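One structure is given below, encoded as C-alpha cells.
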Amino acid sequence: NLTDRLEGVFKKLRGHGKLTEDNIQDAMREVRIALLDADVSFKVAKQFVASVTEKAIGREVGKSLSPGQQIIKIVHEELVSLLGGDTAQIELDGRQPVVIMMAGLQGSGKTTTSGKLAKMLKDKGRRPYLVPADVYRPAAIEQLQVLGDRLDVPVHPSTTATKPVDICTQAIAEAKIKNYDTVIIDTAGRLHVDNVLMGELQEIQAAVQLSEILFVADAMTGQDAVTVADKFNTDLEISGIILTKMEGDARGGAALSIKTVTGKPIKFVGVGEALDALEVFHPERVASRILGMGDVLTLIEKAEAVVDKDQANKLAHKLQTNQFTLEDFLDQIQQIKKMGSLDQILSMVPGINKLKKIKDAPQPNEKELGKTEAIIRSMTLKERRNHKLINTSRRQRIADGSGTSITDVNRVLKSYSEMLKMMKKMRGKPGLITGEKRRK
Ligand code: GDP
Ligand code: MG
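What follows is the structure, given as C-alpha cells:
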C-alpha cells in the first residue's frame, strides 16, 4: 500500500549522505507512481510531486535533521495541505435550528451517517432532529426511524406522499416548536447523478436556510467519488465532504484528491457500520498515518527544537573514540528530558509498542531516568570523567548523596559500562549513531 511504498522511497534516501537534485528527482518519480497506484488522480499526483521537489531543492537543510528526515518532513507538510490543511469545523453557530443536508449517491452512506452525526452532536449536548426526505422508498424512511429509536433521537414523521421540500420546511417548523437546535436532512440518492435528483436538492436549497450541505461518498469508489463530488459541488455548492467506509479503503486515493479537485474540505470520515464509527477528519494525523510513522514527525519537530546537531555530532565522536563519560551520559539524559516526558517521547516512536510487549526487555521509565540523573549528580567531576575511580566506599557515598541504594548506583555504572562496550562494537560502523554516513 501507499504507506509501504513511501517507506521504501525514504529508506533509499536515507542511504545517501547528502540530498542532490538527482536523488530527489529519483525519489519523487517513485512517490508519484505510489500515489497513482493509490488511485490519486494524475493531475493531483503531478502537482504534489512538483511542489515537494521545489521545496526540497530550495530548502536549507536544518541543523538537526538528516537529509532523509528533511524530505519526509516536506512530504508530510504537502500531504497535510493536500488533505485540506487545518481540521475543518462543521458550522453549527447560525440561527437555530441549524440545518444540515446530506447529499450523495445511493448506498454512499447518507442515512447511516445522518444517524452517526446525530449521535455525535447529541453526545456534545445538542438536540438533533432527524428528517427523512427520501420519499422513493418507504424502507428509507423506516431505516432512519429505526436509527433514531436506537439513538433516542427524535425523527420527523415523513410520508412518501409529501414532496421532499415540503417535508423539510414542515420539519424545520416542527423543530422550532420543539426546540430542536440541529436539523439533519437525509435525502434520496440515485445510482448515478441525474437531473431529477439534483433538481430536488436544489429546490430544498432554495427553500431552506442550509448551514451545511455535506456530500457523502463511499471512499472505496476511489476516483469516482471525486468525480461525483465535483459534479455535486458544481450544481449545489457543497460545504464539506464525508468519506465513508474509510476503514476498508487501503488506497486512500479519494481522500487525497477530493479537496484539491473540489476545493471543499473533508469534515468527517466513516470508519465502520456502528453508530459511533464517525471521526472528525484531521489532515495532520491522517498524513502521519499515511507515512506510517506513528507520530514521528512531532518527534522530529521536538528534536529539531532542542537538539543541536553540532552537539549531537560531538557526542557521536566521543562515543566512537571511547571518550564518552558519565558526564556526557548526564547531558544526554537532559536532552531527552527537554523533549518532554519519556513516556510521551516513546509513544511516538514506531515499534516501541512491540518492545513494551516483550516481558524481560528493559522498560524505559521516567522514574529510573530521574534516579540515574540524581546518582550521576552525586558524583564528583573526577568520578564522572573516570568511572574506574568509583570504588565501594565512593559508591556508598554516592548512594547516600542521591537518596538511592548501592544497588541503584551499581546498576547505573553497569548500564554505563555496557553502553561503552556496545559503542566499542559499533565503532567503525558509521551511521548507527547519527543516522548519517560519515564523510571520509
Ligand atoms: P445511503 O443509501 O446513502 O443512505 O446509504 P446507507 O446509509 O443506507 O448505507 C449503505 C451501506 O453502507 C449500509 O450497509 C451501511 O451500513 C454501510 N456503511 C455506511 N457507512 C459505512 C462506513 O463508514 N463503513 C462501513 N463499513 N459501512 C458503512
Ligand atoms: Mg438512505
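Heads up, the sequence shown is in UniProt numbering, so the first residue is 32 and it goes up one at a time. We put the CB at the ideal spot given by N, CA and C, even for glycine. Keep in mind the model is a prediction, meaning the values are calculated, not measured.
For residue i, does the count of other Cβ atoms within 10 angstroms reach 16, so buried, or fall short, so exposed?
i: D439; result: buried
i: P159; result: buried
i: F73; result: exposed
i: R221; result: exposed
i: T275; result: buried
i: E304; result: exposed
i: E449; result: exposed
i: D53; result: exposed
i: K419; result: exposed
i: I121; result: buried
i: Q427; result: exposed
i: A69; result: buried
i: I88; result: exposed
i: D165; result: buried
i: H107; result: buried
i: N264; result: buried
i: D217; result: buried
i: K445; result: exposed
i: K49; result: exposed
i: L152; result: buried
So what does DSSP say about residue i, is it helix, strand or coil?
i: E268; result: coil
i: L67; result: helix
i: A134; result: strand
i: P128; result: coil
i: F263; result: helix
i: H107; result: helix
i: K42; result: helix
i: L386; result: With a pLDDT of 47 at L386, under the threshold of 50, the modelled position of this residue cannot be trusted, and the question is left open.
i: V184; result: coil
i: I215; result: strand
i: G146; result: helix
i: I421; result: coil
i: L123; result: coil
i: L287; result: helix
i: P195; result: helix
i: T275; result: strand
i: N32; result: coil
i: N210; result: coil
i: K413; result: helix
i: T435; result: coil
i: G116; result: coil
i: A305; result: coil
i: F360; result: helix
i: A392; result: Below a pLDDT of 50, predicted positions are generally treated as unreliable, and A392, at 45, falls in that range; no measurement from the model is reported.
i: L50; result: coil
i: L222; result: coil
i: K155; result: coil
i: N441; result: helix
i: Y447; result: helix
i: G140; result: coil
In terms of alpha-carbon separation, which member of the options lies closest to residue i?
i: I103; options: D124, M59 and L412; result: M59
i: K452; options: L412, F355 and S424; result: F355
i: L322; options: Q174, I105 and F246; result: I105
i: F299; options: G253, L245, K345 and S288; result: L245
i: D180; options: P195, K150, A204 and I203; result: K150
i: V75; options: A286, T200 and D362; result: A286
i: K147; options: L309, T411, F41 and T403; result: L309
i: T423; options: N417, M410, R416 and I437; result: I437
i: K86; options: A65, E399, T51 and A69; result: T51
i: T293; options: H348, L113 and M229; result: L113
i: R126; options: E358, H223, K262 and T213; result: T213
i: I234; options: C199, I208, M251 and A260; result: Here the sequence assigns Glu to residue 234, which means Ile is not the residue at that position. Ranking C199, I208, M251 and A260 by Cα distance to E234 puts C199 first.
i: R415; options: K290, F360, T34 and N441; result: F360
i: S82; options: L67, E358 and R63; result: R63
i: V239; options: A202, L175 and I407; result: A202
i: V227; options: T435, D266 and K402; result: D266
For residue i, report the span of its alpha helix (DSSP H) as first-last.
i: E85; result: F73 to G89
i: K298; result: Per DSSP, K298 belongs to no alpha helix (DSSP H); it is in the beta strand (DSSP E), I297 to G301.
i: L232; result: N226 to A238
i: E315; result: P314 to I321
How far does the beta strand (DSSP E) with residue i in it extend, from its first residue to its last?
i: D249; result: E243 to D249
i: A164; result: P159 to A164
i: L309; result: L309 to V311
Can you tell me whether residue i sits near the ligand COA, meaning its C-beta is under 7 Å from at least one heavy atom of the ligand?
i: T293; result: In the structure on display, the ligand COA does not appear, and the ligands it does have are the ligand GDP and the ligand MG.
Worksheet entry | Inter-stretch contact (C-beta, 8 Å, three-pair minimum) for the stretch 161-174 and the stretch 182-194 | As far as the Cβ criterion goes, the stretch 161-174 touches the stretch 182-194, which means the pair count is three or higher.
Worksheet item: Does the stretch 118-133 come close enough to the stretch 234-252 to have 3 or more Cβ pairs within less than 8 Å?
Response: Of all C-beta pairs linking the stretch 118-133 to the stretch 234-252, three or more are shorter than 8 Å, placing the two stretches in contact.
Discussion item. Under 8 Å: do the stretch 50-70 and the stretch 266-275 share three or more Cβ pairs, one atom per stretch?
Written reply: Flag = no, the stretch 50-70 and the stretch 266-275 do not touch.
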